[in-house]
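Notes follow the structure.
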Amino acid sequence: MAAVKRPHQGFTLLEVLIVMVVLAIGLLGIAGLLLSNVRSSSNSAWRTQAALLAEEAAERIRTNSYWVASGTAASLSLSVSPTYAVNCSTASMPVAPACTSAASGVLCGSTLLWRNQDVFELCSKVGDVAQGGLPSGTLTIAQEVPSASEGVLYRITLSWVARTASSSSGGTVQSYETLLRP
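Numbered per this note's numbering, the sequence shown spans residues 430 to 611.
Here it is as structure tokens:
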């Protein structure tokens with residue numbers, strides 16, 4: 430009796446295994462792309478928040494005449510020089526000024542106290558994500574060397590730690606900088 434040969438039908442187990450491996454590699458690639466996209470959009474949101482905080486600092490400078498009219502140093506527990514520099518970080522938080530709360534808002538006795546209140550509020554907000562700040566955020570306001578033609582010029586710099594795709598822990602320091610002529 431002669432053996433009858435039938436043609437092979439269906440897939441072998443080896444072919445199914447190869448398809449599963451190729452499919453798994455493709456799905457891992459898609460997951461990596463999605464994770465990269467989420468990190469990128471998160472960093473974009475932090476940059477937008479930094480721009481909003483810089484605008485808030487600029488508005489506070491424009492509003493308070495002490496910032497504009499005087500380069501005198503305030504007695505705050507942070508980096509202050511005669512050209513007026515503010516460096517907010519969690520290590521150098523300023524002490525709350527002697528302003529009082531009232532029904533209409535905060536009452537301060539002078540423009541210097543208002544300026545100190547502004548600095549205190551900005552410094553409190555910048556490093557606190559829950560208040561609309563940045564992760565490990567710092568704020569620096571430095572008065573540029575004025576010239577006769579330009580007048581007073583402030584450099585407002587915000588820095589924060591952004592997560593990157595290549596760093597699983599920590600991240601890189603990003604910054605946003607703007608110039609202000611009040």
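Heads up, the beta-carbon is just placed ideally off N, CA and C, and yes, glycines get one too. Keep in mind it's a predicted model, so treat the numbers as computed, not measured.
**Item:** residue 585 - partner residues in DSSP beta bridges
**Value:** When beta bridges are read from the DSSP output, residue 585 appears opposite 570 and 607.
**Prompt:** Between residue 508 and residue 468, what straight-line distance do the alpha-carbon atoms span, to the nearest angstrom?
**Reply:** Low per-residue confidence applies at residue 508: pLDDT is 36, beneath 50, and the placement is therefore not dependable enough to give any value.
**Request:** Tell whether a beta-carbon distance below 7 angstroms holds between residue 587 and residue 482.
**Result:** yes
**Prompt:** On the three-state DSSP scale, how would you describe residue 517?
**Reply:** strand
**Message:** Quick check on DSSP: helix, strand or coil for residue 591?
**Reply:** Note: residue 591 maps to strand in three-state DSSP.
**Message:** In the DSSP output, which residue or residues are listed as bridge partners for residue 602?
**Reply:** 590
**Prompt:** If you draw a straight line from the C-alpha of residue 563 to the C-alpha of residue 460, how long is it?
**Reply:** Approximately 27 angstroms between the Cα atoms of the pair.
**Prompt:** What's the gap between the Cα of residue 451 and the Cα of residue 466?
**Reply:** 23 angstroms
**Message:** Just to confirm my understanding: we take residue 608, look at its own chain, exclude 5 residues before and 5 after, and list those with CB closer than 8 angstroms. What are they?
**Reply:** 573, 582, 583, 584 and 585
**Prompt:** Which partner residues does residue 536 have in the DSSP bridge list?
**Reply:** 529
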